[in-house]
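Comments concern the structure below.
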Amino acid sequence: MDFRNEVTGFAPGRVNLIGEHTDYNGGHVFPCAIDMGIKCSAAVRTDRKLRLYSENFPHDGEREYDLDNLIMQGCWSDYPAAVVKALAAFGYSLETGADMLFCGDLPDGAGLSSSAAIEVLTGVMLRELYGLPLTDQLIAIIGQFAENRFIGVNCGIMDQFASIMGREDCAVLLNTGTLSFKRVPLNGAAVVIVNSGVKHSLASSEYNRRRQECEAAARQLHVTDLCSLTVDEFEQRKHLITEPVCLKRAKHAVYENDRVLAAARAMEQGDTDTFGRLMNESHASLRDDYEVSCAELDVLVQAAQSVSGVYGARMTGGGFGGCTVNLMRHDAVDRFAEAVTRAYFDSFGREPEIYKAKASDGAGIR
Ligand code: GLA
Numbered sequence: 007m008d009f010r011n012e013v014t015g016f017a018p019g020r021v022n023l024i025g026e027h028t029d030y031n032g033g034h035v036f037p038c039a040i041d042m043g044i045k046c047s048a049a050v051r052t053d054r055k056l057r058l059y060s061e062n063f064p065h066d067g068e069r070e071y072d073l074d075n076l077i078m079q080g081c082w083s084d085y086p087a088a089v090v091k092a093l094a095a096f097g098y099s100l101e102t103g104a105d106m107l108f109c110g111d112l113p114d115g116a117g118l119s120s121s122a123a124i125e126v127l128t129g130v131m132l133r134e135l136y137g138l139p140l141t142d143q144l145i146a147i148i149g150q151f152a153e154n155r156f157i158g159v160n161c162g163i164m165d166q167f168a169s170i171m172g173r174e175d176c177a178v179l180l181n182t183g184t185l186s187f188k189r190v191p192l193n194g195a196a197v198v199i200v201n202s203g204v205k206h207s208l209a210s211s212e213y214n215r216r217r218q219e220c221e222a223a224a225r226q227l228h229v230t231d232l233c234s235l236t237v238d239e240f241e242q243r244k245h246l247i248t249e250p251v252c253l254k255r256a257k258h259a260v261y262e263n264d265r266v267l268a269a270a271r272a273m274e275q276g277d278t279d280t281f282g283r284l285m286n287e288s289h290a291s292l293r294d295d296y297e298v299s300c301a302e303l304d305v306l307v308q309a310a311q312s313v314s315g316v317y318g319a320r321m322t323g324g325g326f327g328g329c330t331v332n333l334m335r336h337d338a339v340d341r342f343a344e345a346v347t348r349a350y351f352d353s354f355g356r357e358p359e360i361y362k363a364k365a366s367d368g369a370g371i372r
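For the sequence shown, position 70 matches number 76 in this note's numbering, and the numbering has no gaps at all.
Written as structure tokens, this is what we have:
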């Protein structure tokens, strides 16, 4: 590896404060980038090889791809390789290869978007190395395209967008239908992430099934995106949805979108109590109508919601395990940690991991 002309960069993971399963329904989301993520050192090569290294996979830490025949290999390095393929599909073919060394501190499989982080980081590094004329938004779009097309995960744009557009002490209110966004300061509230350590194998098949159920409901409502409907419009038309399960999914999407807008408004007005109440409602809807929670997440959320000084708590990300996100006063963090650890241990005989996250800047060269 020749890193004489190397550049270095970082891309954060993300946690979504509210707006779950709305990003593939043309709705709003409200994530922030966090202070855990992935670092990369990279340098241009003179041949047409892409050599990818990871310090996080000691047994499988070195992989090579050929730019003239980029074939996925079924391992971690497919994420950056898929971005190189996606760049070519968008008209940005690389003339020569690169060496890229990654290492990160995002817990694996916890739903904090390590995949999105490595995708946007690859985009940022290659933009720098080759002077590619890419905006940050386009890097997010290319990352999502890479994941949809070459990894085969049908995700929305939220994770990639948050990883590159995040700002210190802010969350990003993103309209996923138009990609217009604004950054909203978090008023000094503490964002605490609790990792259940659970990863259900159902996650990706159920994710795709939820998408299909939403698409079926949208067809019956004669809209392209469920979240283009207001709550009132939905209530007037919901009788058109014939399948009860699709009706529940659509109800979650439409009301969740409404909650995101109300929550962002509340945050702008300094009303963290209202923001927290909407987070609690979001969890109930994800548990009862969208049915993507699980016993472990429910125990963590219920314990959190009864701690004084906690504004709100909910599962975050796709669901079926992963993490909860909790918003609270800083002086509540210690008793919160104690209460959720005890409740989790009493129910499942093990302790969750707790991270006090800091809303952080998005990906860049640094
Ligand atoms: C996963 C996907 C996102 C989004 C969330 C649910 O994190 O990658 O695009 O759909 O689930 O809100």
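Glycine included, every Cβ here is placed at the ideal spot set by N, Cα and C.
Span of the beta strand (DSSP E) around residue i
i      : result
Tyr261 : Where Tyr261 is concerned, there is no enclosing beta strand (DSSP E), although the alpha helix (DSSP H) it sits in stretches over 250 to 274.
Arg199 : Checking the sequence shown, residue 199 turns out to be Ile, not Arg. It spans 196 to 205 - the beta strand (DSSP E) in which Ile199 sits, taken as one unbroken run.
Val229 : Unbroken run through Val229: none, as it is neither H nor E.
Asp41  : 37 to 50
Val237 : From DSSP, Val237 is part of no beta strand (DSSP E) but of the alpha helix (DSSP H) over 237 to 243.
Val316 : 316 to 322
DSSP state of residue i mapped onto helix, strand, coil
i      : result
Gly328 : strand
Glu125 : helix
Thr28  : coil
Thr280 : helix
Phe187 : strand
Phe16  : strand
Tyr5   : Nothing can be reported for residue 5: it is not among the residues displayed for the chain, which extend from 7 to 372.
Gly149 : helix
Ile157 : helix
Leu380 : In this structure the chain extends from 7 to 372, so residue 380 is not present and cannot be described.
Leu179 : strand
Arg57  : strand
Leu333 : strand
Asn286 : helix
Assigned exposure category for residue i - 16 Cβ within 10 Å defines buried
i      : result
Thr248 : exposed
Lys91  : buried
Asn201 : buried
Gly137 : exposed
Pro37  : buried
Lys188 : exposed
Asn31  : buried
Ser299 : buried
Gly97  : exposed
Val237 : exposed
Thr52  : exposed
Ser99  : exposed
Cys81  : exposed
Asp294 : exposed
Leu246 : exposed
Leu185 : exposed
Ser207 : exposed
Pro139 : exposed
Pro64  : exposed
Phe326 : buried
Gly282 : buried
Ala209 : buried
Asp165 : buried
Phe240 : buried
His228 : exposed
Endpoints, alpha helix (DSSP H) assigned at residue i
i      : result
Asn214 : 209 to 226
Glu357 : Segment: none, Glu357 is in no alpha helix (DSSP H) and carries neither H nor E.
Leu306 : 301 to 311
Ile170 : 164 to 171
Anticipated Cβ contact below 8 angstroms, residue i with residue j, distance rounded
i      : j      : result
Asp367 : Glu174 : 5 angstroms
Thr182 : Val35  : 6 angstroms
Val307 : Met321 : 6 angstroms
Val331 : Ile163 : With a Cβ gap of about 19 angstroms, Val331 and Ile163 do not count as contacting.
Met78  : Phe16  : Going by Cβ atoms, the distance from Met78 to Phe16 rounds to 25 angstroms, so no, they are not a contact pair.
Ser288 : Glu26  : 6 angstroms
Arg323 : Gly117 : At residue 323 the sequence reads Gly, which differs from the Arg that was named. Yes, they are in contact, since the Cβ atoms of Gly323 and Gly117 sit about 3 angstroms apart, within 8 angstroms.
Val190 : Ala268 : That belief does not hold up - the Cβ atoms of Val190 and Ala268 are roughly 13 angstroms apart, past 8 angstroms.
Phe108 : Ser60  : 5 angstroms
Arg335 : Ala196 : 7 angstroms
Leu93  : Leu56  : Contact doesn't hold; Cβ gap of about 11 angstroms is too wide.
Ala152 : Ala223 : About 28 angstroms; that fails the 8 angstroms criterion.
Val381 : Ala363 : With the chain represented from 7 up to 372, any question about residue 381 goes unanswered, as that position is not in the structure.
Gly172 : Ala39  : 2 angstroms
Short CB-CB distance (under 9 angstroms) between residue i and chain D
i     : result
Ala39 : Looking at the structure shown, chain D is missing, and only one protein chain is on hand.
Which runs of the beta strand (DSSP E), 3 residues or longer, sit entirely within the stretch 65 to 137? Entirely contained in the stretch 65 to 137, the beta strand (DSSP E) runs reaching 3 residues are, in chain order, 68 to 72, 104 to 110.
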